[in-house]
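Numbering (the UniProt record's numbering), first residue to last: 1 to 471.
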């Protein structure tokens, strides 16, 4: 309505009332709109700066946490012969002072049985059921099973072989789908295809296969393997790994052992009876030194951003309590005791590792002091960085970015302010349109009256002219 009225505005009065309305509306709301736009830009900058601080702090903490969880900053186990024995550090373990010897007498093996060869792995083979039972087996000298004890708590798994599984390939798929603790594979070469079934390593992971044939489609008996029938060929028996730790024989069901030496994962590679493998440790001196350098560099990057954002004159976060709290906690970090259980003479703070606070708030590293600390108190430095500093950074991050944290509260405040500005912008748009409509209608009425006056004036002028002429 207002738009259609505006098209005819000024027709009576001759005044550009459309431009006049726009000018009056702009005069009413221009200053407020500009002020609101400036506030919006400021809040956007504050949110961006705060997000950068949060991201930097989280990255600082996460980077160190990744080094710790990956074991980079921890003393590592070493094997004197990795071709026989591999060793690794378990997460969170401390193995300082470890010294052990291990002899790999026998690797753990998994039972493997193989069927006879068929020309086509997709051809019909037989229907019925295969019952797979896990347990412990005994064998004679010819590898013929002489006894079998089912595993305690294990339930035999019945695998149904129907029309869709009636082939060597189909049988393999059915066995694997049954999750019976074994894996079936079809092996094909120039002589044909054979079904190979493999269990898991360990003496109690042997298995028997009982076949029940469908009378209308016999053939599954060719896959039986138990104390009474050995249609399949035993190509490998299952057994535990046998190792001697410091001269003491120990059995384990797998070749990956994590419960024999505290904090160390052992990976048995090959059998080497009679060969003693030494297991010692290697301190992470270079990694610790590099970590302290990285900490100083990352700290300086974060503090530079924080200083710029909180600058008393130009910083977008100069009045933000969360940003100031971040600065305070970071500055206190170098003097914080992050090794409360330190022994006599061991370092307890980053400052005692050579990390110095400069006058401008940045950090620098005295490498000579750090190297002395690593040489004299290596385990203590390792503990400081793995436990103490990691915990301190997590605590700082949580106190600032966690629920109710200072930076979190600031973020929430800016988000509320941003919404308030958006609401005000919407209100200005509404008020602008309402005023435009009101003035447009008001001037339209005025223009109509002026037009009527002009018409009356024209009529009177015509009448007067006529009277004058006739007189």
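Ideal Cβ positions, reconstructed from N, Cα and C, are used throughout, including at glycine. In this text, all values refer to a predicted model and were calculated from it rather than measured experimentally.
Annotation: the continuous beta strand (DSSP E) that includes residue 128 extends over 128-139. Less than 9 Å separates the beta-carbon of residue 132 from that of residue 209. In the three-state scheme derived from DSSP, where H, G and I count as helix and E and B as strand, residue 144 is classed as coil. The beta-carbon distance between residue 220 and residue 130, rounded to whole angstroms, is 6 Å. This is short enough to meet the 8 Å contact definition.
The alpha carbon of residue 277 has as its nearest neighbour, out of 51, 100, 29, 179, the alpha carbon of 100. Within a 10 Å sphere around the beta-carbon of residue 297 sit fewer than 16 other beta-carbons, which makes this residue exposed.
Residue environment for residue 337: exposed (fewer than 16 other C-beta atoms within 10 angstroms of its C-beta).
The Cβ-Cβ distance between residue 165 and residue 154 does not fall below 9 Å. Annotation for residue 381: 288, 347, 353, 373, 374 place their beta carbon closer than 8 Å to its own, counting only its chain and skipping 5 residues before and after.
Put simply, of 286, 123, 207, 406 the residue whose alpha carbon is nearest the alpha carbon of residue 139 is 207. Residue 419: member of the alpha helix (DSSP H) spanning 406-470, first to last residue. The segment 190-209 makes contact with the segment 110-125, as at least three CB pairs between them are under 8 Å.
Taking the C-beta atoms as reference points, residue 107 is found no nearer than 9 Å to residue 264.
Taking 8 Å as the upper bound for CB-CB distance, residue 424 and residue 36 are in contact here, some 6 Å apart. By the CB criterion at 9 Å, residue 125 and residue 167 fall inside the cutoff. A contact between stretches requires three or more CB pairs, one per stretch, nearer than 8 Å, and the segment 384-397 fails this requirement with the segment 309-317. Pairing residue 303 with residue 363 gives a Cβ-Cβ distance under 9 Å.
For residue 188, the enclosing beta strand (DSSP E) stretches over residues 183-189.
Measuring C-alpha to C-alpha distances from residue 151 to each of 388, 103, 242, 204 identifies 204 as the nearest. Between residue 339 and residue 378, the C-beta gap is not smaller than 9 Å, which leaves the two residues out of contact. According to the DSSP assignment, residue 154 belongs to no alpha helix (DSSP H), since it is labelled neither H nor E.
Rounded to whole angstroms, the gap between the alpha carbons of residue 231 and residue 171 is 16 Å. A direct Cα-to-Cα measurement between residue 169 and residue 71 gives close to 44 Å.
Proximity to residue 417 across 43, 15, 30 peaks at 43, based on C-alpha coordinates. If you look at residue 86, you'll find it in the beta strand (DSSP E) that goes 85-89. The beta-bridge partner set that DSSP reports for residue 192 consists of 189. Here residue 255 is near residue 241, since their CB atoms are less than 9 Å apart. Burial of residue 405 is indicated by the presence of at least 16 other C-beta atoms within 10 angstroms of its C-beta. Per DSSP, residue 286 is not a residue of any beta strand (DSSP E); the alpha helix (DSSP H) it occupies stretches across 285-309.
Beta-bridge analysis with DSSP links residue 206 to 135. Look at the segment 343-374 and you find these whole runs of beta strand (DSSP E), each 3 residues long or longer: 355-357, 363-365. Residue 114 sits in a strand when the DSSP states are folded into three classes. Residue 48: not part of any beta strand (DSSP E); member of the alpha helix (DSSP H) spanning 17-69, first to last residue. Beta-bridge annotation (DSSP): residue 76 is paired with 282.
The beta carbon of residue 235 lies closer than 6 Å to those of 112, 114 in the same chain, with the five residues before and after it left out.
In this structure, the straight-line span from the alpha carbon of residue 86 to that of residue 250 is close to 17 Å.
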